[in-house]
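S.K.:
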Amino acid sequence: MNPDPDYSSAYLEVETDADDGIKGVGFVFTIGRGNDVVIKAIESLSERFIGMSIEPLLDDMKTAWDMLVHDSQLRWLGPEKGVEHMAIGAMLSALWDIKAKRAGVPLWQLLAEMEPEELVATLDFRYLTDVLTPEEAVEILRRGQEGKAERMQHLLDNGYPGYSTAAGWLGYSDEKMVSLAASESTEKGFDLIKLKVGQNLEDDLRRLRLAREAIGSNVRLAVDANQVWDVDVAIDWIQQFKDFELEWVEEPTSPDDVLGHARIAQAVHPIPIATGEQMQSRILYKQYLQANAFEVMQVDATRVAGPQELIIEYLLAHKFGKRVCPHAGGVGLCEAVQHFAMFDYIAISGRTEGRYIEYVDNQHEHFVTPVEIKNGNYMPPLAPGNSCEMTLETAEKYLYAP
Ligand SMILES: [Mg+2]
Numbered sequence: 086m087n088p089d090p091d092y093s094s095a096y097l098e099v100e101t102d103a104d105d106g107i108k109g110v111g112f113v114f115t116i117g118r119g120n121d122v123v124i125k126a127i128e129s130l131s132e133r134f135i136g137m138s139i140e141p142l143l144d145d146m147k148t149a150w151d152m153l154v155h156d157s158q159l160r161w162l163g164p165e166k167g168v169e170h171m172a173i174g175a176m177l178s179a180l181w182d183i184k185a186k187r188a189g190v191p192l193w194q195l196l197a198e199m200e201p202e203e204l205v206a207t208l209d210f211r212y213l214t215d216v217l218t219p220e221e222a223v224e225i226l227r228r229g230q231e232g233k234a235e236r237m238q239h240l241l242d243n244g245y246p247g248y249s250t251a252a253g254w255l256g257y258s259d260e261k262m263v264s265l266a267a268s269e270s271t272e273k274g275f276d277l278i279k280l281k282v283g284q285n286l287e288d289d290l291r292r293l294r295l296a297r298e299a300i301g302s303n304v305r306l307a308v309d310a311n312q313v314w315d316v317d318v319a320i321d322w323i324q325q326f327k328d329f330e331l332e333w334v335e336e337p338t339s340p341d342d343v344l345g346h347a348r349i350a351q352a353v354h355p356i357p358i359a360t361g362e363q364m365q366s367r368i369l370y371k372q373y374l375q376a377n378a379f380e381v382m383q384v385d386a387t388r389v390a391g392p393q394e395l396i397i398e399y400l401l402a403h404k405f406g407k408r409v410c411p412h413a414g415g416v417g418l419c420e421a422v423q424h425f426a427m428f429d430y431i432a433i434s435g436r437t438e439g440r441y442i443e444y445v446d447n448q449h450e451h452f453v454t455p456v457e458i459k460n461g462n463y464m465p466p467l468a469p470g471n472s473c474e475m476t477l478e479t480a481e482k483y484l485y486a487p
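Each residue of the sequence shown is one higher than the one before, starting from 86 at the first, in this note's numbering.
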């Protein structure tokens, strides 16, 4: 589905006239020309902030959300989905970045240390209260307080599990795939390797056999179809994978097809179905969960409207007993999404079993505080903020303003 990606991002900085020198940073990942469209959307919503005092918004992020998400003229373009929503995500991320930097802590820690009521007050439960109320959210976060200090220490000592997609690309020869699968697991320490599938069944089965031989039985395997199949094709195809004990099959069909995913999930059970990297809103997630249409939720840091929507996605997953394995990869996605997985571990689910953050060793050098991977685990970032700030050298070399 994505034959010619050009990993890139629309990058946003929010400056204030406070004398602390702090800039908030946010971005929207795209795979190329979509940047031009996202930048127009960011410019359009930025106009409302120029010259405005943002101090009241930083103290009341729900008002910031309402101002952006419920802007009646721009809302027409969604509502609450697509380019406009992603642009809003960049802006809200930048504001949360300022909050974390002012507090002198990484974003995951800021979120984990907020009082449950204080955090829930920033969230928008509109359209969700039939499955999750603010009171339930407070209750979930209250339960998450127990053992929080121990989990934070465990995270600081051991990190959060990652998984590797490095070997998986369809364009790789068998030899290259096998050698990467082996080195990612044995040398880099990843417990889970993911391969792309879906172009040719015989190729998929051969590559899965070769990968399994290369990584041994202790390393898990997952596959990703990137939305290629129709529902019935997906069911037939995935059933051929039953001997590989897959951790999941990702994006079998259109991310908008709730009932299609539900049918697939039921038909191929117990093979888990995963999706979410292109899921457009918390409301669609709600429907997926109500329909029991996936087992693994794959949130993406720049697909929805920033930290507040991501927190709701994690709360919904917890309510429905699903594990979250965030999507990551190109420019900054690993840096951004790690904060939410770590926040979830400390303050919501309290668990890392069966949970992994995707990892690809791409483009980390462009970030001031790139992710740190140790023995297959993401080590928690310690620098204040959301880790999304790009280096000046990169900005000077690659900055493009249409
Ligand atoms: Mg994927």
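A virtual CB, placed ideally from N, CA and C, is assigned to each residue, including glycine. In this text the structure is predicted, and so the values were computed from the model without any measurement.
Taking Leu97 and Ile139 to be in contact with their CB atoms under 8 Å, please state how far apart those CB atoms are, rounded to whole angstroms.
M.R.: Not really, about 14 Å apart at Cβ, beyond 8 Å.
S.K.: Return the first residue and the last residue of the alpha helix (DSSP H) that Thr479 is part of.
M.R.: Unbroken alpha helix (DSSP H) run through Thr479: 477-483.
S.K.: Within the region 431-483, note down every full alpha helix (DSSP H) run reaching 4 residues or more, in order along the chain.
M.R.: Listed in chain order, they are 477-483.
S.K.: Tell me whether Tyr488 sits in a helix, a strand or coil according to DSSP, three-state version.
M.R.: Residue 488 falls outside the range modelled here, since the chain spans only 86 to 487, and no answer is possible.
S.K.: Compare the Cα-Cα distances from Pro141 to each of Asp446, Leu401, Leu180, Val334 and report the closest residue.
M.R.: Among Asp446, Leu401, Leu180, Val334, the Cα nearest to that of Pro141 is on Leu180.
S.K.: Using three-state DSSP, classify Lys147 as helix, strand or coil.
M.R.: In this structure, Lys147 counts as helix in the three-state DSSP scheme.
S.K.: Is the region 183-195 close to the region 411-431, with three or more CB pairs under 8 Å?
M.R.: Yes: at least three Cβ pairs fall under 8 Å.
S.K.: Whole angstroms is fine: what's the gap from Ala251's alpha carbon to Asp446's?
M.R.: Looking at the two C-alpha atoms, the distance is approximately 7 Å.
S.K.: Shorter than 7 Å, the distance from the beta carbon of Glu200 to the closest heavy atom of ligand 1, or not?
M.R.: Checking the Cβ of Glu200 against ligand 1 gives no.
S.K.: Can you list, in chain order, the residues of its chain with a C-beta nearer than 7 Å to that of Lys371? Leave out the 5 residues immediately preceding and following it.
M.R.: The residues are Leu213, Val216, Leu401.
S.K.: Mind checking whether Leu226 and Ala432 have CB atoms under 8 Å apart?
M.R.: Contact: yes.
S.K.: To the nearest angstrom, how far is the alpha carbon of Asp156 from that of Thr148?
M.R.: Between Asp156 and Thr148, the C-alpha separation is close to 11 Å.
S.K.: Taking just the CA atoms, how far does Asp144 sit from Glu438?
M.R.: Straight-line Cα distance between these residues: approximately 35 Å.
S.K.: Pop quiz: Ala172 and Val113 are said to be a contact at Cβ under 8 Å. What is the actual Cβ separation, rounded to whole angstroms?
M.R.: That belief holds up - the Cβ atoms of Ala172 and Val113 are roughly 6 Å apart, short of 8 Å.
S.K.: Within 7 Å: the Cβ of Asp156 and any heavy atom of ligand 1?
M.R.: No, ligand 1 has no heavy atom inside 7 Å of this Cβ.
S.K.: For a test of your reading of the model: does the CB of Glu362 fall under 7 Å from any non-hydrogen atom of ligand 1? Yes or no.
M.R.: Yes, ligand 1 has a heavy atom inside 7 Å of this Cβ.
S.K.: Which complete alpha helix (DSSP H) runs does the region 228-258 hold, if anything under 4 residues is left out?
M.R.: The qualifying runs are 233-243.
S.K.: Can you list the beta strand (DSSP E) stretches of 3 or more residues lying completely in the region 282-331, in chain order?
M.R.: The qualifying runs are 305-309.
S.K.: Using a threshold of 8 Å, state whether the C-beta atoms of Thr338 and Trp322 are closer than that.
M.R.: Not closer than 8 Å, so no.
S.K.: Which residues does DSSP list as the beta-bridge partners of Val381?
M.R.: The partner list for Val381 (beta bridge, DSSP) reads Ala359, Arg408.
S.K.: Using CA atoms only, rank isn't needed, just tell me which of Asp288, Pro340, His354, Gly414 is closest to His449.
M.R.: Of the listed residues, the one whose Cα sits closest to His449 is Gly414.
S.K.: Are there any heavy atoms of ligand 1 lying less than 7 Å away from the beta-carbon of Glu335, as far as the coordinates show?
M.R.: Yes, the beta carbon of Glu335 sits closer than 7 Å to at least one heavy atom of ligand 1.
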